[in-house]
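Quick note on UniProt numbering: the sequence shown kicks off at 1 and runs consecutively. Cβ coordinates follow ideal geometry from the N, Cα and C atoms, glycine included. Right, one structure below, let's go through it.
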Amino acid sequence: MFAASTKRAAARHAAPFVSSSRVLMTPHTMTTSMQQTRTIYGGLYNMAKKMMPRMSKTEKAALDSGTVGFDRDIFSGSPKLSALDKYSAKLTPEEQSFLDNEVNELCEMLSDYDIFHKQDLPLEAWKFIKEKGFLGMIIPKQYGGKQFTAHGHSQVITKLNTRSTTAGVTVCVPNSLGPAELLLRYGTEEQKNYFLPALAKGEHLPCFGLTGPTSGSDAANMKDTGVVEVQDGVLGIRATFSKRCTIPFQSYITLAPVATCVGLAIDVKDPDNLLKGIGHEGITVALLERDHAGLEMGRRHDTLSVPFMNGPVTGTDVFIPMEKIIGGQTRVGYGWNMLMDCLAEGRSISLPGGGVAGAKVSAVAVGGYARIRKQFKVPVATMEGVQEHLAAIGNQAFITMAGQYLVNGMLNQHEQPAVISGVCKQQITARGRDAVVQAMDVLGGAGICRGPNNFLANSYMSLPVAITVEGANTLTRSLIIYGQGLTRAHPHLYPLIQSLQHGDDVASFKKHANALVLHGITNAVHSLTRSVTRSRSKGDLVSHYESQLSRLAANFAITTDLALVLGGKLKFKEMISGRFADALSSLYLGYASLWFYKQHQDMAGLDVVLDYAMTTLCYDAQEALVGIASNFPVPGMGPVMKGVAFPFGRAYAKPTDAQVAAVAELVSSDSGVRDLFSTSMFISKDPTDRVAKIHHTLPKAIQADKILAAIRKEKRSATVDEQTLIDQVEALRNEIIQVDAFYGLGAEIGAPADYKRPGFVNNILDKKKQTTPPTSSSSRIEEHQVGQSPLPHLTFCTMNHAMWASAYPTELFTVNLTDGNALFRPPLLDSNDDNITPFHHVETIGECAQITSVFEVVFFTPNEAPAHVDAFAGWLAAPAAPTADLATSSNDTTTAEFRASSVHFFIQAHPDDALLFMMDDALAALMDPTAKIVFVCITAGDAGQEDGWWEAREAGAVAASAFLVNTLTSPSTPEHVEENIAERDGFPVHHVTVGPRVVHYFLRLSEAGWNGLVIDEAPTTSSHGGSPVLAPSKPHNPATSNDSSLEEPLQLNDIRAILRSIIKTDAYGIANASVGLQAWPQTPAQADDEADHELHIATGKFVAEQVVNAEPLWKTCINQRYYFGYQRWRHPETMHEPFRTYQRQMWMHMSKAVEDRYPVGYPPWLDHAHTLGRQYVDLNIVSTKPCHS
1 MFAASTKRAA ARHAAPFVSS SRVLMTPHTM TTSMQQTRTI YGGLYNMAKK MMPRMSKTEK
61 AALDSGTVGF DRDIFSGSPK LSALDKYSAK LTPEEQSFLD NEVNELCEML SDYDIFHKQD
121 LPLEAWKFIK EKGFLGMIIP KQYGGKQFTA HGHSQVITKL NTRSTTAGVT VCVPNSLGPA
181 ELLLRYGTEE QKNYFLPALA KGEHLPCFGL TGPTSGSDAA NMKDTGVVEV QDGVLGIRAT
241 FSKRCTIPFQ SYITLAPVAT CVGLAIDVKD PDNLLKGIGH EGITVALLER DHAGLEMGRR
301 HDTLSVPFMN GPVTGTDVFI PMEKIIGGQT RVGYGWNMLM DCLAEGRSIS LPGGGVAGAK
361 VSAVAVGGYA RIRKQFKVPV ATMEGVQEHL AAIGNQAFIT MAGQYLVNGM LNQHEQPAVI
421 SGVCKQQITA RGRDAVVQAM DVLGGAGICR GPNNFLANSY MSLPVAITVE GANTLTRSLI
481 IYGQGLTRAH PHLYPLIQSL QHGDDVASFK KHANALVLHG ITNAVHSLTR SVTRSRSKGD
541 LVSHYESQLS RLAANFAITT DLALVLGGKL KFKEMISGRF ADALSSLYLG YASLWFYKQH
601 QDMAGLDVVL DYAMTTLCYD AQEALVGIAS NFPVPGMGPV MKGVAFPFGR AYAKPTDAQV
661 AAVAELVSSD SGVRDLFSTS MFISKDPTDR VAKIHHTLPK AIQADKILAA IRKEKRSATV
721 DEQTLIDQVE ALRNEIIQVD AFYGLGAEIG APADYKRPGF VNNILDKKKQ TTPPTSSSSR
781 IEEHQVGQSP LPHLTFCTMN HAMWASAYPT ELFTVNLTDG NALFRPPLLD SNDDNITPFH
841 HVETIGECAQ ITSVFEVVFF TPNEAPAHVD AFAGWLAAPA APTADLATSS NDTTTAEFRA
901 SSVHFFIQAH PDDALLFMMD DALAALMDPT AKIVFVCITA GDAGQEDGWW EAREAGAVAA
961 SAFLVNTLTS PSTPEHVEEN IAERDGFPVH HVTVGPRVVH YFLRLSEAGW NGLVIDEAPT
1021 TSSHGGSPVL APSKPHNPAT SNDSSLEEPL QLNDIRAILR SIIKTDAYGI ANASVGLQAW
1081 PQTPAQADDE ADHELHIATG KFVAEQVVNA EPLWKTCINQ RYYFGYQRWR HPETMHEPFR
1141 TYQRQMWMHM SKAVEDRYPV GYPPWLDHAH TLGRQYVDLN IVSTKPCHS
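Printed below as a string of structure tokens:
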């Protein structure tokens, strides 16, 4: 055909040529020329085939997987920003609701520090994740899944990672490359119907194993093999495997220790041809349930202490029937193609989500911290060294968001961008890591001290995981991005390679070789001309930087074409390939940044961030291309590359100092840029959460700094309102910069009382102690420290069982059996003769025993034991604290020296409700030296008893406060406890102060009376001697009375008036006020929950509706928090150290004070100890303006 067309062309032009006086080419000579051309191309063709390395089936499958799109435009040398206008990344209403509700609820129940400490998510989180559909985001609704878009899926993963990397990884794996996606694309209908609904509901928890220990990142060269055979008439595969990877390229099997099903890739052989043409040899994917014969799962890896579930899967001689192959027998041997087809989406979403999350938290939390934190009397955010870090963090946050959103838009269009997914995985995780590392430099000491308040340390520790899994970044950068991108996305190279693979296709080779040469010439011209014509004005930032990217794309394209002189050797020049990957990545992220900016260009300040980002990306692309030219191994080619790409030398520089300062200012200010970065970032509603506190304090800190600047400039004093704000910010600043400290770590936790840190052994202080005589105890009970003489033999009895067995977890003490006089013999029995030995981890070593503890041990001698037992030993107490002996005075006591910046009311039904259910927040308030804490107790907690019980309970509450005040504030002398009668709205109210900061009000209403008022709405009195009764209405208003003849009991209006007066009096002049109340849900939250005490419910509801929210100003200016009581009795502990230990010590001091005043045996009330360590908030209402005096 080619020859015939040549002859026809020659004939058409013969006449004109004949009339010419020149020597003309005849048809014969043209044919001869074409034969010569064919000979030349044939020689080139043969030479190219020799240079071309052999392409394996797995390599070809990888190249054929996914789709090409904008990456091809970049390789063409002339990408257009307008080509991206078709992409959109927006959440559906359902996805937005899920983020705002279920995701927030899950995040609120997570403490990342506790997760790291316990090395697992709490049970309630696992249940919530499964029940709310977190594991079925990619599964269609017809199977019970969420069927979220790629962007919705991505934002869920991102938001979870801003709270807990462990939760993020746990949720992302089932929604990434794994059984669900493989089943959706290739599974049989039976497999889909069986597995997908269970996966969507979390009844099946999946994991996936690809490579083994020997193959590692070389996933295609796996050693896990199987042979097709028949067993009991069933065709299947006999396999042996040792799996450590969940997805290609070096990720250990996430979720394997808890997974109920596992996907396995096995290299199948069929030596006996049993497949008979249905399927073929090669990598095959099976899906087995955990109980499959021969499958071994359950061990865990310790992945840098990052506590997501991860471990190996092994099996020897495991028979896998064909029905267990995903897709059935027809899919045997097609596993690699299946895996590569599914790779792009998971790789684009899962780990990039974690990278974006790290950048977001760094920008929002650390940016705010840098503005609040002061050194040398100025915010550290104004220091130029810190500004460099802040600008880099803001840059990475913007670029990672842009890259994430654009690839999500592509996925939403049902593209499978294989090359760009690799770019996103490598670049976004690396940039997220850089942001976190920069942020750690800003945090300084606050970043390296771990604890509940450190919001970044665990992310920092998790960084190597993201860098390693789903394609190790080193491998992805040096081999995958450019290697796959060049072959797949170059407009002419892959067709040229295919012509070589055909064996004898010179015509196709010639066509694409000519196109390749023309492509090079075109881009050489573009590279040179655009170097001259590129924009020099930033009047229109988008147009300006599109011009720069267009020039750099041409530079990249011509450099790529020239690099092809290496032929197949280019594949092995990993440093060159890595630099090409850097240039390609910078171009993609540059266009993504412009696309992202166009969608948010109305946001004030975002142009400043864009300018900085594009400056860095253009510089990075330039340096990568210059690096290629400077290191190109073919002599003479490097200068050609430089001359064509950068004829006038380097054109781009790093950001200027002015650009750095401008971005740092936006990141550390209350700006729209920060608001953008906080999109899909979790910020807790808990005001004690450190990130939330930073976020909400930032605008106040900025305002306070403006006031201080104005005061200095105007040389005046602050107004009352100004000083109030300044003091409030100073108190918050002091709280925000604090770091966590612990009484013990590692071996110190739960160690015997005589444990010493090895570095503290044999010191000079020990010698001094040996010469100091012991002090004697004057207590009516004998208090023995460990090592002193044990007591005589006693019959062991706990104080109502719960006090010993449940109130004090075993980590607080140990029981050792040692030589000496017998204290008790196992088994340990309580007063009901129940064996409680397991609670104490008692090990029989000898016949005798004594108790060792990190606390003091209190023993009761036989003559002091309760009447119902012969004798008992048995409750732990912390070291002696100030007693709550009350010195009565007749007047209200005030302390002029103390000026509070905030006041925190805890209004409760019983004297100890705050200690049990609200103590995390009460402790946080007590840690603030400028805060005032007011406990208001409405009932006496008498429980209808007449024998001094309520008096003892009240004294216990005061003793707990006294211990805590003196422990936390460490005054030079113990704070004095004073008791008096305070008049509130004309009513005398029992009033106790512990130093200047802690106040107790005891209204002392009988429980029966308060029940009648607030629940039955029928006031009652009591004639029981010694038990408080409702005081009469004014003017007959003694605080308590035993006179049942009183005719005018207190009414609800009286209680309302008293409470209003208390709030007005103690909050006077303080702008920042909060109130803690008891929640009133009527039904338990879970089946194993209890219903709360009716007076808890009634009291909380009454105070909320009739007092706090009945006053319009208070409704808007008082922060309100509502706490669950018994409804969360059996939920996991939520309090962190040291607050958790403080609460237990408070309980011990309270118990001792109660026992001192009520020595007739403990009532069932002691079971309240079960609730220690828990604070669950039902509702948090944040004030919208300050209160005024």
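Asked	Found
Curious, which full-length alpha helix (DSSP H) runs of at least 4 residues does the region 690-729 contain?	690-714
Please name the residue in 411, 427, 233, 599 whose C-alpha comes closest to that of residue 585.	427
Helix, strand or coil: how does DSSP classify residue 267 here?	strand
Is the beta carbon of residue 408 sitting closer than 9 Å to the one on residue 349?	yes
In its own chain, which residues sit with a C-beta less than 6 Å from the C-beta of residue 95, not counting the 5 before and 5 after it?	148, 152
Does DSSP put residue 774 in a helix, in a strand, or in coil?	Since pLDDT at residue 774 reaches only 49, below the 50 mark, its modelled position is unreliable, and no value is offered.
Which residues mark the beginning and the end of the beta strand (DSSP E) in which residue 285 is found?	282-289
Taking DSSP as the reference, what is the three-state secondary structure of residue 1210?	Since the first and last residues shown for the chain are 1 and 1189, residue 1210 lies out of range.
What residue from 355, 517, 1153, 628 has the CA that sits closest to residue 681's CA?	355
Less than 8 Å between C-beta atoms, sequence neighbours within five positions excluded: which residues of the same chain meet that for residue 274?	228, 229, 230, 235
In this structure, how does DSSP classify residue 987 when only helix, strand and coil are distinguished?	strand
Taking 8 Å as the threshold, find out whether the region 1108-1123 comes into contact with the region 90-107 through three or more Cβ pairs.	no
Select from 595, 1001, 633, 625 the residue whose C-alpha is nearest the C-alpha of residue 84.	595
Quick one, which of 1135, 501, 519 has its alpha-carbon nearest residue 490's?	519
Rounded to a whole number of angstroms, what is the C-alpha to C-alpha distance between residue 712 and residue 720?	16 Å
By DSSP, does residue 260 sit in helix, in strand, or in coil?	coil
With a Cβ-Cβ cutoff of 9 Å, do residue 477 and residue 582 count as a contact?	yes
On the premise that residue 604 lies in contact with residue 625, defined as a C-beta separation below 8 Å, what is that separation, rounded to the nearest angstrom?	Actually they are not in contact, since the Cβ atoms of residue 625 and residue 604 sit about 35 Å apart, beyond 8 Å.
Please state the DSSP three-state secondary structure of residue 137.	coil
For residue 389 and residue 441, what's the separation of their Cα atoms in angstroms?	8 Å
Let me know the secondary structure DSSP gives residue 613 once reduced to three states.	helix
Kindly list the residues whose CB is nearer than 7 Å to the CB of residue 315, restricted to its own chain and excluding five residues on each side of it in sequence; keep chain order.	239, 240, 241, 294, 295, 296
Would you mind listing the alpha helix (DSSP H) stretches within the region 1075-1132 that are 4+ residues and don't spill past its ends, in chain order?	1094-1103, 1112-1117
Put residue 449 into one of helix, strand or coil per three-state DSSP.	coil
For the putative contact between residue 411 and residue 323, defined by C-beta atoms under 8 Å, what is the C-beta separation to the nearest angstrom?	Rounded, the Cβ-Cβ distance is 32 Å, inconsistent with contact.
On the premise that residue 916 lies in contact with residue 1146, defined as a C-beta separation below 8 Å, what is that separation, rounded to the nearest angstrom?	Going by Cβ atoms, the distance from residue 1146 to residue 916 rounds to 10 Å, so no, they are not a contact pair.
Which word fits residue 919, buried or exposed, when buried means at least 16 other C-beta atoms lie within 10 angstroms of its C-beta?	buried
Could you check what DSSP says for residue 454 in three-state terms: helix, strand or coil?	coil
Count the CB pairs spanning the region 1103-1111 and the region 1141-1155 that are closer than 8 Å, and state whether there are at least three.	no
Label residue 560 either buried or exposed according to how many other C-beta atoms from any shown protein chain fall within 10 Å of its C-beta, with 16 as the threshold for buried.	buried
So for residue 117, helix, strand or coil by DSSP?	helix
Suppose you measure from the CA of residue 1101 to the CA of residue 285; what does that come to, to the nearest Å?	59 Å
If we ignore side chains and look at the alpha-carbon of each, how far apart do residue 729 and residue 462 end up?	33 Å
Alpha carbon to alpha carbon, how far is residue 108 from residue 1177?	10 Å
Let's see if you can read the secondary structure: which residues bound the beta strand (DSSP E) around residue 207?	206-209
My output table needs one value for residue 1030: the three-state DSSP class, helix, strand or coil.	Its pLDDT being 38, under 50, residue 1030 is placed unreliably by the model, and nothing is read from it.
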